[in-house]
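Quick notes on the structure that follows.
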Amino acid sequence: MLQPEVDAFLEMLIAERGAARNTIDAYRQDLSQFVDFIKGGLALPPSLCHITADQITQYLIHLSRQGREATTLARHLSALRQFYQFLVSEGWAAQNPTTTIDAPRPQRPLPKTLSEAEIVRLLEGARNQTDAEGRRLYAMLETLYASGLRVSELVSLPLRSFHPDKPFLLIKGKGGKERLVPLSEPAIAALTSYLTVRLSFLQPVSDGSQKWLFPSSSKEGHLTRQRFGQLLKELALAVNLDADKVSPHIIRHAFATHLLRHGADLLTIQKLLGHADLSTTQIYTHVITDHLKDLVNRHHPLASPPNPAIQKTRENL
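Be aware that the sequence shown starts at 60, since it is given in this note's numbering, and climbs by one per residue.
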């Protein structure tokens, strides 16, 4: 059987790395596809510990022929690398067969985003919905745009994470890492207003809904990512925006892009977004090229036309 090795790897991710459920599910799906491919081969190895680099290459070719993009191939190879690194560390495999395989180098796409004017239209549209669901949507949208939270972090905020007298949220992100995220005054006001109608969303038969800031009748006890995404698309249509351009993740991109455009530095944005690696945050520099050019032209000593203050200093030398 091939699956026990995968199960052991997933258990390690949970126990030692504190991996989130979504991360575990993604690894399970990718590795299960690899197992299915190996099982379908003519020469079935006794276990995944005896897989060769050639077999992994054939698997990547198989995915490519199915029309999978380079980003997907790179993700599958990354999962296999970590899996075999685990097998080697446990002494189950003699070597890691992925070490000689180069990952595909896809061109990283620019993140989709919304303009500041489009964000304002969404916020005003949500604020005009004065019933309980509208106040919840407005509070969530203000919080998302003020903080850049991942949608999974937003919908699963505990009730205790917000207090009207504290202008920040304590977020537990990927890998159980905690970070402080500041809130804007409009977000605090929207959340405070929402709290007056929060009780209408509680499920009396479910104790689980009591602890969430945004409770619902879902099995998790809080509003789901999917439902929040649907509500945003309905809002986009209501304010005459293209619904395909609006999603929780795109608003997270807008948060980062707008901060960077208004002078925030990448390290700050990295911390706010909860990125483990600065290289992940650097993609936002590509969407503000004009702003960066203007910044250089205004402040660089050799800019043309030169900065008047700098020019005067040079003349006095």
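Where is the CB? At the ideal position from N, CA and C, for every residue including glycine.
Just verifying my parser: in three-state terms, what is the DSSP assignment at residue i?
| i | result |
| --- | --- |
| Ile230 | strand |
| His281 | strand |
| Glu237 | strand |
| Pro245 | helix |
| Pro217 | strand |
| Leu261 | coil |
| Leu101 | Residue placement at Leu101 is flagged as unreliable, the pLDDT there being 49, under the threshold of 50; the coordinate-derived value follows with that caveat. Correct three-state label for Leu101: coil. |
Please classify residue i: is it buried, with 16 or more other beta-carbons within 10 angstroms of its beta-carbon, or exposed?
| i | result |
| --- | --- |
| Leu101 | Caution applies to Leu101, whose pLDDT of 49 falls short of 50 and renders its modelled position unreliable; the value that the coordinates give is listed next. Leu101 is exposed by the Cβ-count criterion. |
| Gln269 | exposed |
| Asp89 | buried |
| Glu237 | exposed |
| Gln329 | buried |
| His135 | buried |
| Ile120 | exposed |
| His312 | buried |
| Gly189 | It should be noted that the sequence gives Thr, not Gly, for residue 189. Label assigned to Thr189: exposed. |
| Ser174 | exposed |
| Gly126 | exposed |
| Gly207 | buried |
| Val179 | exposed |
| Arg235 | The identity of residue 235 in the sequence shown is Gly, whereas the question assumes Arg. By the neighbour-count rule (16 or more Cβ atoms within 10 Å), Gly235 is not buried but exposed. |
| Ile73 | exposed |
| Leu376 | Reliability fails at Leu376, whose pLDDT of 46 lies under 50, so the model's placement of it is uncertain and no value is given. |
| Glu149 | exposed |
| Leu300 | buried |
| Thr158 | exposed |
| Gly333 | buried |
| Thr316 | buried |
| Glu192 | exposed |
| Glu212 | buried |
| Ala153 | exposed |
| Ala129 | exposed |
| Leu294 | buried |
From what residue to what residue does the alpha helix (DSSP H) around residue i run?
| i | result |
| --- | --- |
| Asp224 | Unbroken run through Asp224: none, as it is neither H nor E. |
| Asn81 | 80 to 98 |
| Arg180 | 175 to 186 |
| Met304 | First, the amino acid is wrong: residue 304 is Lys here, not Met. No alpha helix (DSSP H) contains Lys304, which DSSP labels as neither H nor E. |
| Arg76 | 62 to 76 |
| Leu203 | 191 to 206 |
| Leu325 | 325 to 332 |
Kindly give me the distance between the Cβ atoms of residue i and residue j, rounded to whole angstroms, as I take these residues to be in contact under 8 Å.
| i | j | result |
| --- | --- | --- |
| Leu229 | Leu239 | 6 Å |
| Ala133 | Pro163 | 5 Å |
| Leu291 | Pro274 | Rounded, the Cβ-Cβ distance is 19 Å, inconsistent with contact. |
| Leu216 | Pro226 | At roughly 15 Å, the Cβ-Cβ gap does not stay under 8 Å, so Leu216 and Pro226 are not in contact. |
| His281 | Val210 | Their Cβ separation, rounded to whole angstroms, is 12 Å, which puts His281 and Val210 out of contact at 8 Å. |
| Leu139 | Thr131 | So it is not a contact: roughly 13 Å between Cβ atoms. |
| Ala246 | Glu201 | 4 Å |
| Glu64 | Cys108 | 7 Å |
| Ile310 | Tyr204 | 6 Å |
Step through the CB atoms of chain D and report whether any lies within less than 8 Å of the CB of residue i.
| i | result |
| --- | --- |
| Leu181 | This model lacks chain D altogether; it includes just one protein chain. |
Please go through the region 122 to 168 and give each complete alpha helix (DSSP H) segment of 4 or more residues, from N-terminal end onward.
129 to 148
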